[in-house]
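Worksheet: the structure to be examined is printed underneath.
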Amino acid sequence: MEILLTFGTGLYLFFVILIIIGLSRLTFHKHSKIDIPKVSVIIAARNEEDNLPLLLGDLVQQTISDEKLEIIIANDRSTDNTVSIVEGFILRYPFINMINILELSDHMKPKKYALTQAIKASKGEIIVSTDADCRVPKTWVLNMVSSVKSSGAITVGFSKVACKNHFFHQYQMLDFLGLMVINAGANGLGLNWGGSGQNLAYRKKDFNAISGFEPVKDQTSGDDLYLVQKISKIKPAVFNIDPESFVSTLPVKSIGDFISQRIRWSSNSKAFAMETNVVFFFSLIIPFLFHFLILFAVFLQPSGIITIILLKLIIDGLAIFLGGRLFQTRVSPIVFTFWFFMQPFYIPFIGVAGLIGKYSWKS
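Residue numbers for the sequence shown follow my numbering, so the first one is 73 and each next one is one higher.
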């Protein structure tokens, strides 16, 4: 047990150190008002009457001319006031359009189908996507599009969970920050593992080149992971660390919703891990096995377990707090400590549940 734990600790520490190195290699590019092509912002929405007015309010204030911008809402069978809200915005802003999806697709999962229909209808050369429950700064579209235009690559943007002083919300913010730190650090090492659909930008021709979502039409979600990994094979992705591109999203309301969300994300990862990306597979399996070993070691109490926990505390803290500084996200030491000691229970459970669970985007 001690030999296995020592070996696992070494692998895990090496993995996190690599992520920290990757973070340090990310470069900041100030994006100016270059000549940009037509841009299409796409949002899939189902029963988002509470959130869409805020997001659309942000989008109509973007620092990009109306002639270069179109906003497409793919209304996916909403039963609330989503349609009337969007129609109200359309009357005032002619660059907003809506696609009404009335029935489930018989060959593609709902969110992927909604996004696909929006992209098919789009006239923009560059696609920028976010979720209906997000908030974006007025510089968001121009900043993300400038990154795609200058690099020619899919651009992954930072997203965070918006929170105030609520402990559970801060926990979600920290946990999501950890995921973004891993993706950003990997990108700094030249590895394109994923991003968040809350903040992505890419060329429409690249989406068509990978046959859209057709290869993953049966997967409930994971569209962001798929897009980043597949389009990056055309040209390696760029991670945008300009604060003017940062997006925020709402926290989930309950612990049950949080666990269900994380299991769904975990189930998405398994579909890509064993395909062709061996390094991505090990990025998933190393933390899973290490925390599984830690959980057993705490009860068996082998020699050196305290040292291992302290080393993990230092290296995890370094990664999280450096990521927090890079992405202008304040991390509470108290929340971090609680999050840290939850990991040996949380990660193995979510990993196993993700392998066997089936989840839908929205009912």
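In this text, a Cβ means the ideal position worked out from N, Cα and C, and glycines have one as well.
The structure presented is a predicted model; accordingly, all values stated were derived computationally and were not measured.
{"Check": "Where Ala146 sits in the DSSP three-state scheme", "Outcome": "strand"}
{"Check": "Arg97 and Gly266 closer than 8 Å at C-beta", "Outcome": "no"}
{"Check": "As assigned by DSSP and simplified to three states, the class of Lys210", "Outcome": "coil"}
{"Check": "CA-to-CA distance, Gly129 to Gly82, given in whole angstroms", "Outcome": "49 Å"}
{"Check": "Coarse secondary structure for Asn172, derived from DSSP in three states", "Outcome": "strand"}
{"Check": "Cβ neighbours of Ser268 in the same chain (closer than 6 Å, five flanking residues each side left out)", "Outcome": "Ser231 and Asp296"}
{"Check": "Proximity below 8 Å, CB of Val310 to CB of Ser223", "Outcome": "yes"}
{"Check": "Own chain partners of Val351 with C-beta closer than 7 Å, once the 5 adjacent residues on each side are dropped", "Outcome": "Leu263"}
{"Check": "Selected residue, minimal CA-CA separation from Ser201, among Phe408, Tyr165, Phe318 and His101", "Outcome": "Phe318"}
{"Check": "Extent of the continuous alpha helix (DSSP H) run through Ala281", "Outcome": "Lys276 to Ala281"}
{"Check": "Contained beta strand (DSSP E) runs [length at least 3] in the region 346-404, N- to C-terminal order", "Outcome": "none"}
{"Check": "Per DSSP, the bridge partner or partners of Thr321", "Outcome": "Cys206 and Val233"}
{"Check": "Cβ contact check for the region 242-255 and the region 160-176: 3 or more pairs under 8 Å", "Outcome": "no"}
{"Check": "Candidates Val132, Ile357, Ile306 and Ser293: closest to Arg336 by CA position", "Outcome": "Ser293"}
{"Check": "Beta-carbon contacts of Ser177 that lie in its chain and below 6 Å, excluding the five residues immediately before and after", "Outcome": "Tyr185"}
{"Check": "Burial state of Asp221 (16 or more Cβ within 10 Å)", "Outcome": "Looking at the sequence itself, residue 221 is Lys, so the reference to Asp does not match. Burial call: buried."}
{"Check": "Delimiting residues of the alpha helix (DSSP H) encompassing Ser156", "Outcome": "Thr154 to Arg164"}
{"Check": "Through-space distance from Lys325 to Met216, alpha-carbon basis", "Outcome": "29 Å"}
{"Check": "Endpoints, alpha helix (DSSP H) assigned at Ser112", "Outcome": "Per DSSP, Ser112 belongs to no alpha helix (DSSP H); it is in the beta strand (DSSP E), Val111 to Ala117."}
{"Check": "Endpoints, beta strand (DSSP E) assigned at Phe311", "Outcome": "Val310 to Asn312"}
{"Check": "Test item: CB-CB of Arg118 and Ile198 under 8 Å", "Outcome": "no"}
{"Check": "Nearest-angstrom Cβ-Cβ length linking Ile92 and Gly257, presumed shorter than 8 Å", "Outcome": "7 Å"}
{"Check": "Neighbourhood of Ile419 by C-beta, 7 Å cutoff - its chain only, sequence neighbours within 5 removed", "Outcome": "Pro359, Phe360 and His363"}
{"Check": "Exposure label - Gly284; buried when at least 16 CB within 10 Å", "Outcome": "buried"}
{"Check": "Bounding residues of the alpha helix (DSSP H) (the contiguous stretch that carries Ser201)", "Outcome": "No alpha helix (DSSP H) holds Ser201; the beta strand (DSSP E) holding it covers Ile198 to Ser201."}
{"Check": "Span separating the alpha-carbon of Ile357 from that of Val300", "Outcome": "20 Å"}
{"Check": "N-terminal and C-terminal residue of the alpha helix (DSSP H) that His241 is part of", "Outcome": "Phe239 to Gly260"}
{"Check": "Candidates Ile75, Val253, Leu141 and Asn280: closest to Lys210 by CA position", "Outcome": "Leu141"}
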